[in-house]
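For reference, each letter of the sequence shown is one residue, going 1329 to 1741 in the numbering used here.
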Amino acid sequence: MGCKPNSILYTFFWCAIFLYIGVASAGSRGHSDKNWSQYRGQNRNGVSLEQVQLQAWPAGGPKLVWKRSIGEGFSGISISDGTGYTADSQDSTEFLVAFELKTGKDLWRVGMDKKFFELLGNGPRSTPTIADGMAFGLSSEGMLVAVDAKNGAEKWRVSLAERYAGKGPGRGYSVSPIVDGDLVLIEAAGENDKAIVALDKNTGATRWGNHKARASHSSPVMADIAGYRQYIFPTGGKAISLNGDGEVLWSIKAPPGMIAMPVFIEPNLVFLSGSTDNGCAMLEITESGDSLHAAELWQNRMMINHFNSSTYYQGYIYGFSKATLTCIDAKTGERKWRKRGFGKGSLIVVGGHLVVLSDQGELALIEATPEAYNEVSLFPNALSGKSWTEPAFSDGKLYLRNLKEMVCYDLVN
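In structure tokens form, the structure reads like this:
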């Protein structure tokens, strides 16, 4: 188990350090709030940190900034320090791509691996993670690539299949890596206690591996609970939490068929949803002595996420239960409202509103309230065709993509 220091002097010292850092960085915080530097945003929760006022759109929809074609893939869009990143496949290759936010034009592209073909849609599936001037991408066949975020110069690459005998899920590796400090954490689905691994951010060397589990499509989430920094991985029927040394902090049975990402709710709750009729569960993580324990607070079938994750906002969980947009109470699991018509869509929260993308490219602006479904605006042609990738938001702009096009809309001006 991980240990937690309890010295009063030690605590006072670090509080003073954090206070100093917070004051010193206050001037740059606005810039970082405009980043969407990894899967589901800066905090991997689908909630924008920007303080913006969203208004109803004109009849023709929000202002189109640019539109471009893009290769196949379900990879999301990440944004860091004025540059956009995604992954696509062209011809026979999967690429990690950087593009200009103002125009959408490619800045660079780096070949990751051979193209992955699958009936429901070809790869890649993982969303790049941008951290400390580096971009990290994962191919559908499990090639983890680290490059310089500015110019695409390769730092290192590791085949999860070759190094760890990894066997990704049938529809390809889909998880998006966590980068924290000098570690890159990812589910390798490997053998010999290498289901989950941590690599050195700068060299790609293996720092540790742990756990035995079947491969999962669900990306991990990072959380600080009761003073423990932890990484929560849904892996083959279980949710497991590891610390930075790879030690297990807690584990618990998870809803079957988890594809959606866990949702961390401060200070100590974790929401899980499977893609089967077993539904969802809310976990409470508590401390006892020098250890942590996970227990179910409630379990029901009110939220059955298929492949896109739910989002928590001000006491309530918003997401797609199969093909129905749904709001439930995070404390009780009680359903507050539901609305059909968007298919198996996706959503993020921006400025107190749900920005909802249907699975056929329809865009909606909806008040994030449990009182009732209150639609502010609807735009039927934001994208054309199958649209399973979650939106990204940065500096007042909304970025969308699907299997053939990528667009940018201005939601503020």
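A virtual CB, placed ideally from N, CA and C, is assigned to each residue, including glycine.
Strand pairing of residue i, partner residues [DSSP]
i	result
S1705	L1693
Q1627	A1609
M1589	Beta-bridge pairing links M1589 to no other residue.
D1552	R1557
K1719	This sequence places Pro at residue 1719; Lys is not what is there. The partner list for P1719 (beta bridge, DSSP) is empty, contrary to what the question assumes.
F1648	L1653
D1738	K1391, K1725
G1537	V1525
I1458	A1463
K1581	K1566
E1482	V1475
Per-residue DSSP class, three states only, for residue i
i	result
H1487	Note that residue 1487 is Ser in the sequence shown, not His. Strand, per DSSP.
Y1492	helix
V1512	strand
S1467	coil
I1398	coil
F1599	strand
E1446	coil
W1385	coil
P1505	coil
A1622	strand
V1678	strand
Y1413	strand
S1376	coil
S1616	strand
L1685	strand
Q1418	strand
G1350	For G1350, the predicted structure reports a pLDDT of 39, less than 50, and the residue's modelled location is therefore unreliable. The matter cannot be settled from this model.
Residue i, enclosing alpha helix (DSSP H) - first and last residue
i	result
D1361	1354 to 1361
Pair within 8 Å by beta-carbon distance, residue i and residue j
i	j	result
I1676	T1717	no
L1511	K1529	yes
V1678	F1721	yes
R1396	M1630	no
L1570	N1538	yes
G1585	T1604	yes
P1698	K1650	no
I1613	V1591	no
L1377	D1361	yes
A1692	G1680	no
R1368	M1610	no
R1485	M1462	no
I1593	Y1559	no
L1429	G1410	yes
S1715	D1687	yes
N1636	S1674	yes
F1444	D1434	no
K1667	Y1641	no
A1543	K1495	yes
E1515	Y1492	no
T1531	R1729	no
G1713	L1726	no
H1373	W1436	The question names His, but residue 1373 is Asn in the sequence shown. No, they are not a contact pair.
Span of the beta strand (DSSP E) around residue i
i	result
S1569	1566 to 1570
D1409	Neither: D1409 is in no beta strand (DSSP E) and is coded neither H nor E.
G1498	Looking at the DSSP string, G1498 is not in any beta strand (DSSP E), and its letter there is neither H nor E.
A1474	1471 to 1476
E1422	1421 to 1428
W1436	1434 to 1442
D1528	1524 to 1528
Y1641	1639 to 1641
L1731	It is not in any beta strand (DSSP E) - L1731 carries neither H nor E in the DSSP assignment.
K1667	1663 to 1668
S1544	That residue, S1544, is in no beta strand (DSSP E); it is neither H nor E in DSSP.
ask   = With a cut-off of 8 Å, do at least 3 Cβ pairs link the region 1379 to 1390 to the region 1410 to 1423?
value = no
ask   = Do three or more CB pairs link the region 1485 to 1505 to the region 1460 to 1468 at distances below 8 Å?
value = yes
inquiry  = Check whether the region 1618 to 1627 and the region 1695 to 1715 are in contact - that is, three or more C-beta pairs closer than 8 Å.
reply    = no
ask   = Does the pairing of the region 1390 to 1410 with the region 1657 to 1666 give three or more beta-carbon distances under 8 Å?
value = no
Contact the region 1403 to 1410 vs the region 1443 to 1458: 3+ CB pairs below 8 Å = yes
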